[in-house]
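Novice: The opening position of the sequence shown corresponds to residue 7 in my numbering, with each subsequent residue numbered one higher. From the three backbone atoms N, C-alpha and C, an ideal C-beta is built for every residue, glycine too. Before I ask anything, here is the structure I am working with.
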Amino acid sequence: MFNKNPFTYLHMLLSKSCTCIDPFFGLVIVLLVSLASHTSSSTEHEKSSLLQFLAGLSRDGGLTVSWQHNTDCCTWKGITCNQDRKVTDVLLASQGLEGFISPFLGNLTGLLHINLSRNSLSGGLPLKLVSSSSILVIDVSFNRLTGGLSELPSSTPPQPLQVLNISSNLFTGRFPSTIWEVMKSLVSLNASTNSFTGQIPTTPCVTAPSFAVLELSFNQLSGNIPQGLSNCSMLKLLSVGYNNLSGYLPDELFNVSSLEHLSLHSNWLEGDLNGISKLTNLVTLDLGGNEFIGNIPESIGDLKRLEELHLDHNNMSGELPTALSNCTNLVTIDLKSNHFSGKLTKVNFISLPKLKKNRSSFQRLHRHNSRKHILLQQADCTKAILQSF
Numbered sequence: 007m008f009n010k011n012p013f014t015y016l017h018m019l020l021s022k023s024c025t026c027i028d029p030f031f032g033l034v035i036v037l038l039v040s041l042a043s044h045t046s047s048s049t050e051h052e053k054s055s056l057l058q059f060l061a062g063l064s065r066d067g068g069l070t071v072s073w074q075h076n077t078d079c080c081t082w083k084g085i086t087c088n089q090d091r092k093v094t095d096v097l098l099a100s101q102g103l104e105g106f107i108s109p110f111l112g113n114l115t116g117l118l119h120i121n122l123s124r125n126s127l128s129g130g131l132p133l134k135l136v137s138s139s140s141i142l143v144i145d146v147s148f149n150r151l152t153g154g155l156s157e158l159p160s161s162t163p164p165q166p167l168q169v170l171n172i173s174s175n176l177f178t179g180r181f182p183s184t185i186w187e188v189m190k191s192l193v194s195l196n197a198s199t200n201s202f203t204g205q206i207p208t209t210p211c212v213t214a215p216s217f218a219v220l221e222l223s224f225n226q227l228s229g230n231i232p233q234g235l236s237n238c239s240m241l242k243l244l245s246v247g248y249n250n251l252s253g254y255l256p257d258e259l260f261n262v263s264s265l266e267h268l269s270l271h272s273n274w275l276e277g278d279l280n281g282i283s284k285l286t287n288l289v290t291l292d293l294g295g296n297e298f299i300g301n302i303p304e305s306i307g308d309l310k311r312l313e314e315l316h317l318d319h320n321n322m323s324g325e326l327p328t329a330l331s332n333c334t335n336l337v338t339i340d341l342k343s344n345h346f347s348g349k350l351t352k353v354n355f356i357s358l359p360k361l362k363k364n365r366s367s368f369q370r371l372h373r374h375n376s377r378k379h380i381l382l383q384q385a386d387c388t389k390a391i392l393q394s395f
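In structure tokens, the structure reads:
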């Protein structure tokens with residue numbers, strides 16, 4: 007009974023007509039007063055932090071209707087609390103919010119998930135959120151956030167953050183190494199569709215043993231594909247298309263046997279693809295829009311799980327390998343705008359029952375991969391991967 011309202015139970019005890027109180031009941035009263043005081047102050051602390059966030063919004067999407075100071079913040083729109091009345095979730099996606107993200111959200115010591123995606127928030131991403139000792143998931147994608155990601159002090163203890171989605175914003179600059187050094191639980195980083203520069207970060211491959219998703223497409227990254235990616239022993243999705251990457255695919259990349267989705271579309275990569283068959287778990291291979299040369303290796307038939315093959319807009323040549331018939335899960339093949347020759351009858355397309363003819367391309371046709379289409383594909387892949395953890 008007193009779990010719901012300790013003050014009611016306390017009043018009942020004190021209203022007894024007896025002239026003295028048993029020592030046991032005296033101890034109970036002290037504990038109840040302490041519990042009630044802690045619960046009350048904890049709730050006020052949570053409420054204050056949320057109201058500070060609300061104050062930073064120039065358009066609140068109608069939150070003020072629900073977010074009233076004289077009401078329980080655990081009943082507010084988009085807020086979830088645990089049994090200790092601590093806020094665990096701030097879920098305000100697609101609410102028409104404008105303004106900045108208040109660092110006071112970082113004061114919510116029980117916060118696990120924050121989703122502010124698909125709003126019109128501006129300003130930077132508060133360091134207090136990224137360095138939170140409780141937050142597991144941050145999703146601020148599809149906003150207007152600017153600036154760079156801040157360095158963390160070297161004394162920062164390991165953080166529990168598992169998923170960081172800052173895609174489709176206006177972030178700039180290089181990725182700070184100190185952030186990844188403390189994110190030892192990181193599973194997924196999506197920073198696609200921004201204006202990040204520099205090289206592909208590989209620190210999470212070393213510091214985060216469960217790191218599985220790296221999405222950096224549509225940025226301004228440059229340099230080679232780093233050899234350090236070979237340390238990503240659990241990496242399932244690598245998407246770095248539509249950047250300014252150059253050079254050859256390093257042999258070390260072919261050692262990441264866990265890879266299921268590899269997308270490097272529209273860069274300046276070159277060389278042959280002779281090592282690609284080592285990635286036997288590949289489901290999606292998108293290397294279109296580069297400068298690759300040579301034949302499709304006969305060993306392509308080793309990719310039994312392959313569903314999508316995009317090699318369009320390269321300088322590849324030769325005949326299609328007969329072993330392509332062994333990729334019986336193929337749904338999409340895009341080979342247009344290359345220099346392939348020979349007869350298509352070398353490949354037994356009857357053995358590819360899932361192949362969609364309207365998506366198969368062997369001629370010089372216009373590009374059909376819009377940015378929206380690619381982002382939706384990546385989102386589906388990421389969702390499937392994260393559900394496996």
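CB-CB under 7 Å to Leu288, same chain, minus the five flanking residues each way: which ones, in chain order?
Specialist: So the list reads Leu265, Glu266, Leu268, Leu309, Arg311 and Leu312, once near-sequence residues are dropped.
Novice: 8 Å is my cut-off, CB to CB: does Leu285 come that close to chain C?
Specialist: In the structure shown, chain C does not exist; there is a single protein chain.
Novice: Provide the residue(s) that pair with Asn321 in DSSP beta bridges, ordered along the chain.
Specialist: Ile299, per the DSSP bridge assignment.
Novice: Quick one: is His319 buried, meaning 16 or more other Cβ sit within 10 Å of its Cβ, or exposed?
Specialist: Its Cβ being crowded by 16 or more others within 10 Å, His319 is buried.
Novice: If you follow the beta strand (DSSP E) that Thr94 is in, where does it begin and where does it stop?
Specialist: Val93 to Leu97 is the span of the beta strand (DSSP E), which, as asked, contains Thr94.
Novice: Could you pull out every residue in the same chain whose Cβ sits closer than 6 Å to the Cβ of Ser245, ignoring the five residues on either side in sequence?
Specialist: Glu221, Ser223, Ser269 and Gln384.
Novice: Should Ile302 go down as buried or exposed, given a rule of 16 or more other Cβ atoms within 10 Å for buried?
Specialist: Buried, because 16 or more other Cβ atoms sit within 10 Å of the Cβ of Ile302.
Novice: What would DSSP say about Trp186, mapped onto helix, strand or coil?
Specialist: Here Trp186 sits in helix by DSSP.
Novice: In the region 190 to 244, which residue ranges form an unbroken beta strand (DSSP E) of at least 3 residues, counting only runs that do not cross its ends?
Specialist: List check, beta strand (DSSP E) in window: 194 to 196 and 219 to 221.
Novice: From Asn344 to Gly294, what does the alpha carbon distance come to, in whole angstroms?
Specialist: Going by the C-alpha atoms only, they are around 10 Å apart.
Novice: Give the DSSP-derived three-state secondary structure of Thr351 in the structure shown.
Specialist: The answer is helix: DSSP assigns Thr351 an H, G or I state.
Novice: In this structure, how does DSSP classify Ser272 when only helix, strand and coil are distinguished?
Specialist: Here Ser272 sits in coil by DSSP.
Novice: Give the range of the beta strand (DSSP E) segment to which Leu111 is assigned.
Specialist: It is not in any beta strand (DSSP E) - Leu111 carries neither H nor E in the DSSP assignment.
Novice: To the nearest angstrom, report how far apart Met189 and Pro207 are at their CA atoms.
Specialist: Met189 and Pro207: Cα-Cα distance of roughly 13 Å.
Novice: Taking the straight line between their C-alpha atoms, what separation do you get for His51 and Gln226?
Specialist: Approximately 42 Å, taken between the alpha carbons.
Novice: Which one or two residues does DSSP pair with Val337 in a beta bridge?
Specialist: Answer by DSSP bridge pairing: none, since Val337 is not bridged.
Novice: Tell me the DSSP secondary structure of Thr286 in three-state form.
Specialist: Coil.
Novice: Within the same chain, show all residues whose beta-carbon is closer than 6 Å to that of Gly2, passing over the 5 residues directly before and after it, in chain order.
Specialist: In the structure as shown, the chain begins at 7 and stops at 395. Residue 2 is therefore absent and cannot be evaluated.
Novice: Among the residues of its own chain, which have a CB less than 6 Å from the CB of Asn149, if the five just before and after it don't count?
Specialist: Contacts found: Asn125, Leu127 and Asn175.
Novice: Go through its chain and collect everything with a Cβ distance to Ser139's Cβ below 6 Å, but skip five positions before and after it.
Specialist: Excluding residues within five positions, none has a Cβ falling inside 6 Å.
Novice: Can you tell me whether DSSP reads Ser331 as helix, strand or coil?
Specialist: Of the three classes helix, strand and coil, the one that applies to Ser331 here is helix, per DSSP.
Novice: Does Val96 pass the burial test, meaning 16 or more other C-beta atoms within 10 Å, or should it be called exposed?
Specialist: Classification for Val96: buried.
Novice: Would you decide whether Trp274 is buried or exposed? Buried here means 16 or more other CB atoms lie within 10 Å of its CB.
Specialist: Answer is exposed; the Cβ neighbour count stays below 16.
Novice: Buried or exposed, going by whether 16 or more other CB atoms sit within 10 Å of the CB of Thr199?
Specialist: Looking at its Cβ environment, which holds 16 or more other Cβ atoms inside 10 Å, Thr199 is buried.
Novice: Given a cut-off of 8 Å, decide if Val212 and Leu241 are closer than it, judged by their beta-carbon atoms.
Specialist: No, the pair does not count as a contact, with Cβ atoms beyond the cut-off.
Novice: Taking 6 Å as the limit between beta carbons, can you name the residues of its chain near Gln58, skipping five residues before and five after?
Specialist: Correct list, in chain order: Ser108 and Phe110.
Novice: Which whole-angstrom value describes the C-beta separation of Glu104 and Leu56, a residue pair presumed to lie in contact below a C-beta threshold of 8 Å?
Specialist: Not a contact, Cβ separation roughly 17 Å.
Novice: Which residues bound the beta strand (DSSP E) around Val143?
Specialist: Segment Val143 to Asp145, the beta strand (DSSP E) holding Val143.
Novice: Can you tell me whether Asn400 is helix, strand or coil according to DSSP?
Specialist: Any answer about residue 400 is impossible in this case: the structure gives the chain only from 7 up to 395.
Novice: Straight-line CA distance for Gly154 to Ile185?
Specialist: The straight-line gap from Cα to Cα measures roughly 12 Å.
Novice: Are Leu167 and Ser191 closer than 8 Å when you measure CB to CB?
Specialist: Contact: yes.
Novice: Let me know the secondary structure DSSP gives His51 once reduced to three states.
Specialist: Looking at His51 - three-state DSSP - the assignment turns out to be helix.
Novice: Using only the alpha-carbon positions, how far apart do Leu142 and Cys333 sit?
Specialist: Those two C-alpha atoms are separated by around 38 Å.
Novice: Give the range of the beta strand (DSSP E) segment to which Val262 is assigned.
Specialist: Where Val262 is concerned, there is no enclosing beta strand (DSSP E), given that its DSSP letter is neither H nor E.
Novice: Give me the Cα-Cα distance between Val146 and Phe177, rounded to the nearest whole angstrom.
Specialist: Computed Cα separation, rounded: 12 Å.
Novice: Taking the alpha carbon of Val136 as the reference point, which residue from Glu187, Leu98, Ser100 and Gly277 has its own alpha carbon closest?
Specialist: The shortest Cα separation from Val136 among Glu187, Leu98, Ser100 and Gly277 belongs to Glu187.
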